[in-house]
Each structure stands twice: as C-alpha cells, then as structure tokens.
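J.: What follows is a structure written as structure tokens; I'll ask about it next.
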Amino acid sequence: MKKFLSLFKKNKATGQRNTFLLLGTILTGIILLMVIVGVFYTPYSPTKMDASAKLQGISLKHIMGTDNMGRDVFSRVLYGSRITLIIATFTILIGAGVGTVIGALAGYFGGMFGEVTMRIIDAMLAFPSILLSLVFVSLFGTGTYQVAVALGISFVPSFARIVRGEFLRCRNMDYVEVARLQGVSNIRIIFVHILPNTVGVLLSSVMIGFNNAVLAEAGLSFLGIGAQPPYASLGKMLSDAQGYLFSRPSYVISIGLVIVLMVLGFSFLGEGIKRIQ
Amino acid sequence: MMKKGIGRRGLSTLLVVLTTLTLTMSGCSGKKAEESTADATNATENTSSGKDGKAETADNTASSDDLSKITIGIPQDIDSMDPHIAQAAGTREVLFNVYEGLVKPDQDGNLQPAIASEYTISEDGKTYTFTLREGVKFHDGSTVTAEDVKYSIERNAGTDGTDPLISAFSNIDSVEIADDSTVVMTLKEANTEFLAYMTVAIIPASNEDPEGNPVGTGPYKFVSRSPQENVILTKFDEYWGEPAYIKDITLKVEANADSIVMDLEGGSIDMFARVTSAQMSQLSDKFDVYEGTMNLVQALYLNNAEEPFNNEQVRQALCYAISPQEIMDFVSDGKGTEIGSSMFPSFGKYFDASLSETYNQDIDKAKQLLAEAGYSNGFDFTITVPSNYTQHVDTAQVLVEEFKAIGVNATIQEVEWNTWLDDVYTNRNFQSTVIGVDASTLTAYALLSRFRSDAHNNFINYNDASYDAAFDAAVNATDDAEKTKNYKECEKILSETAANVYIQDLPEFVVLNKKFTGYTFYPLYAQDFSKIKPAK
Amino acid sequence: MRYVLKKVLSMVLTLFVVSLCVFFAFSLIPGDPVTRMFGTEATPELIAQYRAKMGLNDPILVRYFRWFIAFLQGDMGTSYDYKIPVAGMLAEKIPITLTLAIMSFVIMVIISIPLGIYTAKYENGIIDHVISVINQIIMAVPPFFSGILLTFFFGVILKIFMPGGFVSYTKDVQGFLKYLILPAFAIALPKAAMATKLLRGSVIDEAGKDYTRTAYSRGNTTNGVLYRHVLKNAMIPVVTFMGMALADMVAGSIVIEQVFGIPGISRILLSSINNRDYPVVEAIIMGIAIMVLVINLLVDIIYRIINPRIEVEE
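Chains as they are written, first to last, in our numbering: chain V, 5 to 281; chain H, 11 to 546; chain R, 7 to 320.
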C-alpha cells in the first residue's frame, strides 16, 4: 500500500495524468476501507439472526437489506469482502510466488529440467483453472484457506509461464553474461539480476490475477465451494442471493455491485500500473 | 505505448464508474418504491398479483399443451435403473413407478398386496407364504412366475455366496416354489416385520441386462435415459392395477437449484418435489403447492463416544439450549413437525408426540447442567454438515447462534457428501453432524436398529444397555402390541438419555402446475406418478 | 514440418503427464466410489465385496496401468455411477458442448473483430468510449451472475427464451440450436470484450509503427492501409488469444452449463467428480486436454503462417 502510494505520487510529479491509477486507487481504497472498518466495526453482527426481519428490503436500518436468516447484508458484505480479499491475496501470493520460482528456474536453466517442468505446467494449463481448483478443493476440503490454496495452485502455471518467458528473453542478455563471467552464483543472478527486470510484467499480471481470483472464487462459490457458514465470501453471498432474484432483486444486485466495483478497481489499478512503466 | 490516448481513456474510465454508480442508485430507488407497496400488502400477494398478467398469457399458450405429457424436475440424476443396485433415495422414489414387490405400500403406509394377491405369516413369524396374483405382466409382455420371485429375492439375499445386497436379507433361510403360484419364504429368526422388505422389486429372471433394459411390473415402463439430462417413462398399458392417467413422463435433471423457480415459471417443468420455502414464496399462482413431510429424523447427531458428548448431562444441556420452532422459523417459515426421538409422525402407532416435550428451551437449566458436568465455561465443538443439503446447513447456522447463549462455541464445517459418508458415517470420525435420517422400509426396526450398541450403522456410537434390552424385546416379540410398546420404550430411552439433539421432521413442499392435480404423499420415499392427472 | 512433429511429440508427453496427474490426484481425494454407491445403506461386507469386484483393492500403479492400457486400446471402461459404458455416454454429450463452444467462438469473432477495428479507427470517439465502458463492466461481472441476469431478462421479462427448455439435438436440431444461443452469448461476451480491447490496442500499436507511416506517405487511403498491412500484423496476438479462448470455451463452460441446465460434458464432469466416478472423470479430462492441446498446436501453426518470420522459442 505504502509503496503503491509513492508510485502514484511520483507519477504525478512527472506531470502525467494517470486516471486509471487514480480511479483504481479510489475504488480499491473504498473496498480496503470497508474491509478495515469491518474489522473494528459492523452495524450489526454479521452472524446475528432475526426471524422477524427476514429478507427485508433496503432501509435506513439495513442499508443493503437483510438476508434469508434476517442478518444484515451490509455487515455481511463488510465481512465477506475481507474473506474475498484474503482468498484473493493468498491466491496471488501462492500463485505468483511459486509460479515465479518455477518459471525463473525453468527459464534460466532450460534444458532437461526446463523441459520437464514445462510439460507439467502445460499439462496443468491444459485443463481450465476452475477444474483444477475443483480437484484441489476435493483434496484439501472446503473453507477459506483451503479455497485460497486450491486457487493459488491453479494460478501457478500461468505465472510460471509468464516468468519463464521473461527469463528466456533475459538470460542471454549482456548484463547476465557479464555477471556470469564475474562468477556470480546462478541463484544470485536469477533473483538479484534478472528478477527485478521482470517486475513490470509481473505486477500487471498480479493485478489481472487479483481479478481472476475474485471471479474464480465466485465461480467456485456458485458450485458450492467456499468459506464455512455462517461466514460467507462475496461470491458465496452472491450465489446464495441469486435464489431470491424474483422477490428481492436488491439483495442480489447490491452484492453483485460490490463484486463488480472490486474487480473494476483492481483492473483499473492494473491498467494504471502498466501506464507507469 | 499510446501516450496521447491516456487522458481521453481516463475519461472513459470515469464513464465506467459513473455508469456503475448510476446503476447502484437506480437499483436503490427502485427498491424503495417496491418497499412501500410491499408494506401495504402481504409479500406473497404482492408477487402473485405482480405476475398475474404473465400467468394468464402463459396459460393461453399452455391451453394448446398436451396434457398427456408431464415434465417433472428431479434434483439429481438417478444412480441406476437396476432396482436392486439403485441406492439413492431420489432414485428409489422414481423407480417406485417402474417396479413393484410382492407387496406395495399405500399412501397411509400400509402394505397392500401387489404382485402377491395374498400372503400369510406363520404364528412363529418364521414362514411367509405368498400367493401370486394371476396374470401380472412384465413390461416385456411376459407373465410373472414363481421363478422370477424366487430369483429376485435370492438376488438380494446373496444366496449364491456373495454378500446380501440388503443386509436384513441375511435372515432369509430359503425361498421355495411350492407350486406355480405359491412361494414360501423361511426365515432363520422370527421377524414379523419382515413383510416390509417384500416391497423389493420383482424382475424377470431371464433379463440379462437390468441396467440397460429395465423391465418391471409397475404402472410406468422405461423408455430411455440420458445422463444428467432426463429419464423418459411411458404408461404401461397392461398394468394389472389402477391404470395411470398421464401417458408420457419426462424426468428432467435439475442440477442447479437456483433455476428451479425460473424453469417452473418458464414452463420447462410442470412439477418439482421438495422446493424450499424461499422458492415457494416466489412462485406465481399458476402452481399448486402440496405440503407434506419429508419423513426423516432431522437432528444434531452427537458422537456419543467423543468428549464432551460422552457425558449425558452435556447432551441434555444442548437439548435444552435449542428451540426447534425457532429453527423452523428460519429454515422453513415455521413449517415442520417437532420430534423428540428417532421416529416421525408418519409411523402412526410407533410415534410418540409427547417426547418432543422432554426438553423445552431453558437456557438456565442448560447452563446448570453444563456446570454440573464440569463445563461451566462452555466448550468448543465442530458441526460437520454435508454441503449439498441447504436445509441442514441452515439448521446448523441457527444452532450455532442458539448454543452461543449457553456459552458453547460451535463451528460449522461443510463437507462434500462423499467426505461426509467416509468420515462421519463410515469412520465415525466426527463430533457432531446435522443430517436427516430416513427409513429404508416402513418399519420401526429400520429407524431404531442403528442405535443398538453393536449395529454396524450406529454412527453416533450410542451405547446403552437398557436400550439394547428394549430393542431386542421389540424385535423378538411376535405380539404386535408388545412390539409397539417396546419400540416406544426405545424411543423414550433415546429421548431421555439425549442420544442426539432431536429437531424436526422437515416439511416437504411439492409444486405442481395447476394443469395437473392429484399429487399424493407417501410416508416413505416414493413419488407416485400414476395418481397425477390432468386438472380438467 | 519438423517443428510440427516436435510439437506433436511434446503433446503426447503432456497428455501422459495429465493422465498421471488426474489418476493420482483422484486417489488422494477423500471419498470412495463404493461408499458413495451404497450411501447410508452400506455394510462393511458389501463394501468389501464391491471394492474387490471393481478392482479397487489393487495398488495404485497396477490400477493406473490397467486403465492406461485399456485407454490406449480405446476402452474407457464403465461408469461407476451410471453403470453404462463411458464411451457411449460421452459420444452423446460431446456434440452438445462442442456446438456450444463453436457458437460462442463464432459470436466472439463476429462481435470483437469489427468492434476492435472500429474502435481503433475512431480512437477516442464517443462510440469508442461507450464500448470500452461496456467492456470493462462485462469483464467485471462473474460469469454465472451474467448468465442468471441474461436468463432473467430474456426468459422472465421478455419471454423470448424458455429457461431450462433444453432439447437434445437427437430430437430437435433447430430447438437445440435456438436454446444454445443465449448460453453461447453468456460465454462469448467476456471473451469478446477482452478480444475487442486487445485488437483495438494492437491495431493502434501497429498503426503507429514506421511501416504504416511509410504506407501513408505513399498516398494509400486509410482503409487500404488499415486492412492490408496493419490488420495482418495486429491479428497476431489476437489469434493467440482467440485460440486460448476457444480452448477455454470447450473446457470452461462448467459454470454456464450449470446455470442454463445444459446436460453437456462439463455437467457430467462436475457430477462425476462429486460422485467419485473416476473412469468418467479420466476420460473427460483426457478428452478436454487433447482438445486444448490440439487447438494450441493449430494456433501455433496459424501463427507461423501469418508471420513466418517469428521464431517460436519452444
């Protein structure tokens, strides 16, 4: 966050307008603010049920209405955004972290090792990520962190591929050759010399990855996999809410909008970061 | 890259945000308008009056519809067309229309002669004699013979050396053909309730492929099936009993619960059994809703061998902490039948309604019991729930809230059905679970046998000597009154020792398009399509 | 040609890895096909009997090679859950999913190519802005949600679509195709949005390059240059994307098939994973993997045809 803000300022200093970055920051900021406020304060307890207040519409008391258990939807959205963000963050940490290491090694060393790794990566890419996560969820069980791990693993191949491409491009460049001649160790070359040069590409893939993670989590929730009740991620709430499309459209639409705004925020941010470079 | 475009593109981003925000606003204001009308009229009236116009237009197009056809939605695909292999409750209730046993349950739960025209049970409860009804035809046109009956029973009893497909059938000593129309079955141990198992489907001994070419004697015969798509049945013209009304039945697999309302309204299905109260409230008035019960014992099943549930006082405290009525209010708009033991009302004489009064919600009493048991500060435990059963997951959520009041902190763990079967049911590796237990046959035995301390399906590890004694007395009794008395004793013991936190027999809502009528409930898993008829 | 041969070889290797991964992953998953089969009616004896009958007691490697050898001979086994041969079952379902994928692909191409070119040509015009707004929103909506909104709008409000009214191609080809239009749109829209964005960027990029300027200075008209030179080069990344999108459409329609109640491959796959129906899962995943890899190979080849100068690194 801090690092991001400084990037934003520096950009302004050069006199370039970067509306994407601005809007992305605002939207993401709102979502983050909601999540942080949600940690300390929610209007109601997100799990407090009330049989007399089931499926209420929007009112001053419940600004997003109530759900089928009489729980305050806004409080649940505050809590759910946190779960969604946790899942997305872990997904990216795992996907980008592991993917970068695998991609870097495969790209830098190439040869037999690279070939075998890439065959496995290709094999994983050959079936869609939602399917991959489905298999992993069956393996780890369902729950917030399990879903994050499952999604994270299914994100590894695409990150590995991207990073490998970058490393293939860089490994024969002059500065790498020089470092090698100076006797710098391979590990140091990989992580200190080449990796910083791939940050640009990585960062924008991370932002796209964030979006995909939020959307993939929603997809998994629709298929019945996700956080454990009574808590729910945004995706789970949306798929619960869609059953009430006829009688309480506001319930569905308000949650859908939060997801859309969150995804838009990330994609603007990603676009904005791309512009910086 | 395109540097000159940035500013303008920023503008378009702004547009995105504005559009989205406008959408939000209009969503809000639209909502408010609806709110005020909803205040004036009752919510269901509001939706139905709103849909009147549409319902009419739909009816107009429907009038040209062919009432000799009906499409019925089923929540999951059937697992087998072979009646002896099929296990899922959802399959059993469909196959009820295709296959019949020697006897067949009616809507009151009494066993009526079917393929057998009459039967006698010997005094000692060991010998069952069946006289076959004359001229009962299989769907392939052949007549049911004593051979077929013997074959069908033996196929389930595993007399060829394999294990019995139905565990109770291990009690069968022999099946003899006395003459062309008489079959005599002898049991190893007396059991006057065994007739209930004779609902087992009779299939032709000559059929090599009961899976691909299912042949039975029921009012409907199999036409075709396509996995995850549909099963098609057609009326069997040579049926021995009351003929069916509707000629063609398509059973459409509805894998997505959220599309059921839309599919009903859109007209792609005419009927769906077991809709939720939420779905029901969204339906227009072109549907009739039939209300019955699901015939299962929904409870928070406790692993009696695990800390702290090996302590009777703890179990009782949990029973005092909950209110079944409150659960029903949340889960099914207040509908459902409170139960206090492992028995539900459809069983008539075995059901003891007074047991639901054993524990009435009493937070102080619950806290006191916990303190006596040494848990004055409460404790933590996990409720494992199969994620595919919304009503059980919802119930668990209400339970968690209710337990908070007595300082007990429960956490829900949703698992897949397979994991549930493995971990909870088979390996008994769980603390507690919310599930509905049904009866495979119309006998008290089917519901109560699992709590005998040595039963293979005693997944809660219930162990009570007085229960075992009462249960054995009930099974061995040949006198019906004595049997009933002992079974009731069993139920009472389960209730008083708080074997489980008993909740309710869930309500069942069946939605049928008003073009049709005549849906009939059975006290066990059965959908009798032959009773459905056109409304006019 | 040598390149293609090399690709095919690595494809076969990848397939082998896929089959191995699936088999081992599934042997780790909790849940057993036999307990699943008998549910709460299972007895320990019955389970043991059926496990033996289905050969589930053998070590995993034995089971894997038994399956592998049978698969090479074209025998995909019998479904545990449906108790019918897998091959026949899938043969009936593949055309459904394939038709859906092809329809989605066609819709995506029809929408995105003209729009991409148009928005690039009139860069920063009103229409360009409006379209990029719509694009961003479409990309931000979870696919199942857009499916439900489409059903609601066309099915319940406009009544020009019958929700759940799927008819199989074996009964009514026209009705079948008609039903698939809306789901195909639901799949195609987010992809079309991405393709439009990509094509627009790519065309603008190419238009700024030296060779295009040269072409202008020679007095070529805008349209002439746009179509002859720019488009040819601008299409390269778009073709890659569309290839990936097609692969995704074949494999990734799980959610949409679920929303629209289409009994295609994806829905069978989902229920088979839930039912631990390994023979079906293996067969479908292998099928999907083959399709995805073949599409990738074709994309690579087309790539080389469009631009023979590019040296693909692998």
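Every residue, glycine too, gets a C-beta built ideally from N, C-alpha and C.
#1: With 16 as the cutoff for other CB atoms within 10 Å, does N216/V come out buried or exposed?
#2: Less than 9 Å between CB atoms is the rule here; does L79/V satisfy it with respect to chain H?
#3: Which full runs of the beta strand (DSSP E) of 3+ residues lie inside the segment 276-316 of chain H, going along the chain?
#4: Please compile the residues from chain H whose C-beta is within a distance smaller than 9 Å of the C-beta of K89/R.
#5: Which chain V residues sit within Cβ distance under 7 Å of Y147/R?
#6: Answer yes or no: does any C-beta atom of chain R fall closer than 9 Å to that of R123/V?
#7: Starting from the N-terminal side, write out each stretch of the beta strand (DSSP E) that is 3 residues or longer and does not extend beyond the segment 170-232 of chain H.
#8: In chain R, which residues lie with their C-beta within 9 Å of the C-beta of G260/V?
#9: Relative to the C-alpha of G384/H, which candidate in P334/H, E348/H, N320/H has its C-alpha closest?
#10: Can you pull the chain R residues whose beta carbon is under 8 Å from the beta carbon of Q232/V, in chain order?
#11: With H, G and I counted as helix, E and B as strand and the rest as coil, what does DSSP make of V511/H?
#12: Could I get the ranges of all uninterrupted alpha helix (DSSP H) runs contained in the segment 84-155 of chain H, with 4 residues as the minimum, in chain order?
#13: Can you give the Cα-Cα distance for Y185/R and F172/R, rounded to whole angstroms?
#14: Tell me the DSSP secondary structure of K127/R in three-state form.
#15: Is A415/H helix, strand or coil when you go by DSSP?
#16: Keeping to the same chain, check which residues put their C-beta closer than 6 Å to that of V40/R; ignore five residues upstream and five downstream.
#17: List the residues of chain V that S208/R touches, going by C-beta distances under 8 Å, in chain order.
#18: So D339/H contacts chain V; which residues on that side make the cut at Cβ distance below 7 Å?
#19: For a quick check, are the C-beta atoms of I95/H and L205/H less than 9 Å apart?
#20: Decide if L34/R is buried, meaning its Cβ has at least 16 other Cβ atoms within 10 Å, or exposed.
#21: What would DSSP say about F526/H, mapped onto helix, strand or coil?
#22: Count the other CB atoms within 10 Å of the CB of F171/V; is the residue buried (16 or more) or exposed (fewer)?
#23: In this structure, does DSSP put R252/V in helix, strand or coil?
#24: For T20/R, which residues of its own chain have a beta-carbon under 8 Å away from its beta-carbon, when the five flanking residues on both sides are left out?
#25: CB-CB under 6 Å to M73/V, same chain, minus the five flanking residues each way: which ones, in chain order?
#26: Looking at the C-beta of D173/H, does it have a partner C-beta in chain R at a distance below 9 Å?
#27: Name the DSSP beta bridge partners of N240/H, please?
#28: Rank V324/H, V444/H, E203/H by C-alpha distance to the C-alpha of N486/H and give the top, closest one.
#29: Could you tell me which chain V residues have their CB closer than 9 Å to the CB of V68/R, listed as they occur along the chain?
#30: Quick check: I87/V and T148/V, are their CB atoms within less than 9 Å of each other?
#31: Give me the Cα-Cα distance between L59/V and V256/V, rounded to the nearest whole angstrom.
#32: Within the segment 95-134 of chain V, note down every full beta strand (DSSP E) run reaching 3 residues or more, in order along the chain.
#33: Which of the three DSSP states, helix, strand or coil, is assigned to S137/V?
#34: For I144/R and L97/V, I'd like the C-alpha separation in whole angstroms.
#35: Go through its chain and collect everything with a Cβ distance to Y248/V's Cβ below 6 Å, but skip five positions before and after it.
#36: Do F266/R and A222/V have their C-beta atoms closer together than 9 Å?
T.: Judging by the given coordinates:
#1: Within a 10 Å sphere around the beta-carbon of N216/V sit 16 or more other beta-carbons, which makes this residue buried.
#2: Here residue 79/V turns out to be Ser, not Leu, going by the sequence shown. For S79/V, the answer is no, since every Cβ of chain H falls outside 9 Å of its Cβ.
#3: Fully enclosed beta strand (DSSP E) runs of no fewer than 3 residues occupy 281-285, 297-303, 306-312 of the segment 276-316 of chain H, in order along the chain.
#4: For a Cβ distance threshold of 9 Å, residue set D89, S90, M91, D92, I95, E221, G222 of chain H lies close to K89/R, ordered along the chain.
#5: The sequence given here places Val at residue 147/R; Tyr does not occur at that position. Near V147/R (Cβ distances below 7 Å), the residues of chain V are V264.
#6: Cβ-Cβ to chain R under 9 Å: yes for R123/V.
#7: 182-189, 192-197, all fully within the segment 170-232 of chain H.
#8: Residues of chain R passing the Cβ test: V147, P148, F151, L155.
#9: The option with the nearest alpha carbon to G384/H is N320/H.
#10: Those do not exist, as Q232/V stays about 17 Å from chain R at its closest Cβ, beyond 8 Å.
#11: If DSSP states are grouped into helix, strand and coil, V511/H belongs with the strands.
#12: For the segment 84-155 of chain H, whole alpha helix (DSSP H) runs of length 4 or above, ordered along the chain, are 99-105.
#13: So the alpha carbons of these two residues sit roughly 6 Å apart.
#14: It is helical.
#15: Here DSSP, grouped into helix, strand and coil, assigns A415/H to coil.
#16: Within the same chain, V40/R has close Cβ partners I53, Y56, R57.
#17: Correct list: empty, because the minimum Cβ distance to chain V is about 15 Å.
#18: Those within 7 Å of D339/H in chain V are A55.
#19: Here I95/H is not near L205/H, since their CB atoms are 9 Å or more apart.
#20: Looking at its Cβ environment, which holds fewer than 16 other Cβ atoms inside 10 Å, L34/R is exposed.
#21: The three-state secondary structure of F526/H, taken from DSSP, is strand.
#22: By the neighbour-count rule (16 or more Cβ atoms within 10 Å), F171/V is buried.
#23: Looking at R252/V - three-state DSSP - the assignment turns out to be coil, as it is neither helix nor strand.
#24: Excluding sequence neighbours, T20/R sits near A295, L299.
#25: For M73/V, where only same-chain residues beyond five positions count, the Cβ hits under 6 Å are M53.
#26: Cβ-Cβ to chain R under 9 Å: yes for D173/H.
#27: Answer is S236/H, K262/H.
#28: Among V324/H, V444/H, E203/H, the Cα nearest to that of N486/H belongs to E203/H.
#29: Near V68/R there are no residues of chain V at all, since even the closest Cβ is about 22 Å away, more than 9 Å.
#30: The answer is yes: Cβ separation under 9 Å.
#31: Straight-line spacing of the CA atoms in L59/V and V256/V works out to 11 Å.
#32: Positions of the beta strand (DSSP E) runs, each at least 3 residues long and wholly inside the segment 95-134 of chain V, cannot be given because no such run exists.
#33: Here S137/V sits in helix by DSSP.
#34: The alpha-carbon atoms of I144/R and L97/V are separated by roughly 26 Å.
#35: Cβ within range, chain order: Y255.
#36: No. Outside cutoff.
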